[in-house]
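Just so you know, we're using my numbering here: the sequence shown kicks off at 738 and counts up by one. In this text, a Cβ means the ideal position worked out from N, Cα and C, and glycines have one as well.
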Amino acid sequence: MNKTIGVIRGDCSSREIVEQTLRVLDAVADKYGHTWTYVPVAMGGDAIDQYGEPLPEHELEKCLAADAVLLGAVGGPKWEGLPGEKRPEKGLLALRKGMGLFSNLRPAKIWPQLADASPLKKEIIDKGIDFVIVRELTGGVYFGKHTTETVNGVRQALDLMPYDENEIRRIGRVGFETAMKRRKKLTLVDKANVLDTSRLWRAVLYDLAKDYPEVEFDVMFVDNAAMQICKNPSQFDTIVTENMFGDILSDEASEITGSIGMIPSSSLGEGTRGLYEPIHGSAPDIAGKNLVNPLACILSAAMMLRYSFGMEEEAADIESSVEAVLNDGLRTADMMSENTTKVGTREMTDAVLEKLNA
Ligand code: IPM
Ligand code: MG
């Protein structure tokens, strides 16, 4: 198959992981007879440096014309002083919105090989951690009105969190459909004891639940969910939640699985054109040192093959190669534990390539 992939090299240590991931994609193309056309896209700090804005229209156009987009991460201290509208993160939000990617899947699964790197007690981990967070990605407080003004000499700021029932219903459906493909359990995480938006989420999801009688559906307040994720994560199968709760809980969920450097994500809209990125940031402190973990980005590429290109075998091949490397005891610095061997970004990828080509 021929596919066009928008490639956002991103900022700081993102450049290293994207470069390594392209090596893996090239190996998959060779092995299975595919052709990828990589289209470089500037977004985030990179685009600010080149064009003075985080996502120029012409760069978004390239993403809209691609079959899928691969991203590392954006942002860094160099751009931190900029006003909200000009920050690298704004490029990412504009990209998600511009591509219509309202559905963000973030799996939290313990790799048994990394259990020792998890901060949780063994008896909790032994019950299993395997859930997915379905995060709404183009609404809520991320896209509501933001203002800062001075009224009578007092500075005030406002961030609005709007949701309409259609936005909720379409992500709610993704939640139920995702649960149907898994263990058929869906938890809506919200703050319905305080927020009107959460009460609307509940009303819409209880309604949707009637279409999915096989799914065991329940609701949980977000503060409790944050606690339950570290106390008893095995109770979760599929979590569906609004944008900011999903942002926060997915970082927590990644930490209990051993390392945030291992968690990929997919963002999709109505069709198959998606954006694939690790959930971690651009790790400026270790940029250029061959230290960053490339596996979340490599696993994001596997998700791209599966969800955007329908290449299940190729995706599974990447995932089992990663697993084999972990079985060999190779670890980047973020996931070290006793009796493991420390390797750098490039060496980790070399090892994955070796398994892939074995
Ligand atoms: C994420 C990130 C982004 C978000 C930032 C970089 C804007 O934290 O993808 O989780 O909050 O969505
Ligand atoms: Mg985040």
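Classify residue i as helix, strand or coil using the three-state DSSP reduction.
{"i": "Pro825", "result": "helix"}
{"i": "Gly1066", "result": "coil"}
{"i": "Thr924", "result": "strand"}
{"i": "Arg1043", "result": "helix"}
{"i": "Gly743", "result": "strand"}
{"i": "Val1021", "result": "Contrary to the premise, residue 1021 reads as Pro rather than Val in this sequence. Helix, per DSSP."}
{"i": "Val869", "result": "strand"}
{"i": "Lys1026", "result": "coil"}
{"i": "Lys834", "result": "helix"}
{"i": "Asp853", "result": "helix"}
{"i": "Ala845", "result": "strand"}
{"i": "Ala894", "result": "strand"}
{"i": "Ser1002", "result": "strand"}
{"i": "Ser991", "result": "helix"}
{"i": "Val840", "result": "The sequence given here places Ser at residue 840; Val does not occur at that position. Ser840 falls in the strand class under three-state DSSP."}
Measuring CB to CB, does residue i end up less than 8 Å from residue j?
{"i": "Ala779", "j": "Glu796", "result": "yes"}
{"i": "Ala810", "j": "Ser855", "result": "no"}
{"i": "Glu826", "j": "Glu979", "result": "no"}
{"i": "Leu792", "j": "Met836", "result": "no"}
{"i": "Ser987", "j": "Arg843", "result": "yes"}
{"i": "Thr975", "j": "Ala1052", "result": "no"}
{"i": "Met981", "j": "Gly876", "result": "no"}
{"i": "Thr1077", "j": "Arg1068", "result": "yes"}
{"i": "Leu838", "j": "Gly1006", "result": "yes"}
{"i": "Leu937", "j": "Ile905", "result": "yes"}
{"i": "Gly813", "j": "Gly782", "result": "yes"}
{"i": "Ile1035", "j": "Val761", "result": "yes"}
{"i": "Asn841", "j": "Ser1004", "result": "yes"}
{"i": "Asp927", "j": "Val956", "result": "yes"}
{"i": "Pro1031", "j": "Thr1086", "result": "yes"}
{"i": "Lys921", "j": "Glu953", "result": "yes"}
{"i": "Ser971", "j": "Met1072", "result": "no"}
{"i": "Phe868", "j": "Ala845", "result": "yes"}
{"i": "Val941", "j": "Val871", "result": "no"}
{"i": "Trp773", "j": "Ala766", "result": "yes"}
{"i": "Met1048", "j": "Leu851", "result": "no"}
{"i": "Gly821", "j": "His883", "result": "yes"}
{"i": "Val1062", "j": "Ala1095", "result": "no"}
{"i": "Asp1054", "j": "Leu1093", "result": "yes"}
{"i": "Glu886", "j": "Gln893", "result": "yes"}
{"i": "Val1029", "j": "Glu756", "result": "no"}
{"i": "Cys749", "j": "Ala1070", "result": "no"}
{"i": "Gly1066", "j": "Asn1027", "result": "no"}
Give the range of the alpha helix (DSSP H) segment to which residue i is assigned.
{"i": "Glu860", "result": "Lys859 to Ile862"}
{"i": "Asn903", "result": "Glu902 to Met917"}
{"i": "Leu945", "result": "Asp933 to Ala946"}
{"i": "Glu782", "result": "As written in the sequence, residue 782 is Gly, which differs from the Glu given in the question. Run containing Gly782: Gly782 to Tyr788, per the alpha helix (DSSP H) assignment."}
{"i": "Lys799", "result": "Glu794 to Ala802"}
{"i": "Lys768", "result": "Ser751 to Tyr769"}
Under 8 Å between C-beta atoms, does residue i make it to chain C?
{"i": "Phe868", "result": "In summary, chain C is missing from the structure at hand, where a single protein chain is found."}
So the beta strand (DSSP E) residue i belongs to, where does it begin and stop?
{"i": "Lys1130", "result": "Here the chain comprises residues numbered 738 to 1095, so residue 1130 is not present and cannot be evaluated."}
{"i": "Arg1083", "result": "First-last for Arg1083: Thr1082 to Leu1093, but that is the alpha helix (DSSP H), not the beta strand (DSSP E)."}
{"i": "Tyr775", "result": "Thr772 to Pro777"}
{"i": "Pro1015", "result": "Gly1011 to Pro1015"}
{"i": "Glu886", "result": "His883 to Val888"}
{"i": "Pro1031", "result": "Segment: none, Pro1031 is in no beta strand (DSSP E) and carries neither H nor E."}
{"i": "Leu807", "result": "Ala805 to Leu808"}
May I ask you to check if the CB of residue i is nearer than 7 Å to at least one heavy atom of the ligand FMN?
{"i": "Leu1093", "result": "Among the ligands in the structure shown, the ligand FMN does not appear; only the ligand IPM and the ligand MG can be found there."}
Please specify which runs of the alpha helix (DSSP H), each continuous and at least 4 residues long, are wholly inside the region 949 to 987, giving them in chain order. 959 to 968
Okay, do the region 738 to 751 and the region 806 to 825 touch, 3+ Cβ pairs below 8 Å being the bar? Taking 8 Å as the limit for Cβ pairs, the verdict is that the region 806 to 825 does touch the region 738 to 751.
Okay, do the region 1010 to 1027 and the region 1039 to 1051 touch, 3+ Cβ pairs below 8 Å being the bar? Inter-segment contact for the region 1010 to 1027 and the region 1039 to 1051 is present: three or more beta-carbon pairs are separated by less than 8 Å.
Inspect the CB distances between the region 856 to 865 and the region 910 to 920 and report whether three or more fall short of 8 Å. By the Cβ rule, the region 856 to 865 does not count as touching the region 910 to 920, because fewer than three pairs are nearer than 8 Å.
Taking contact to mean 3 or more Cβ pairs, one atom from each stretch, closer than 8 Å, check whether the region 896 to 905 and the region 958 to 972 are in contact. no
Touch check for the region 962 to 971 and the region 989 to 996: three-plus C-beta pairs under 8 Å? Output reads yes: the region 989 to 996 touches the region 962 to 971.
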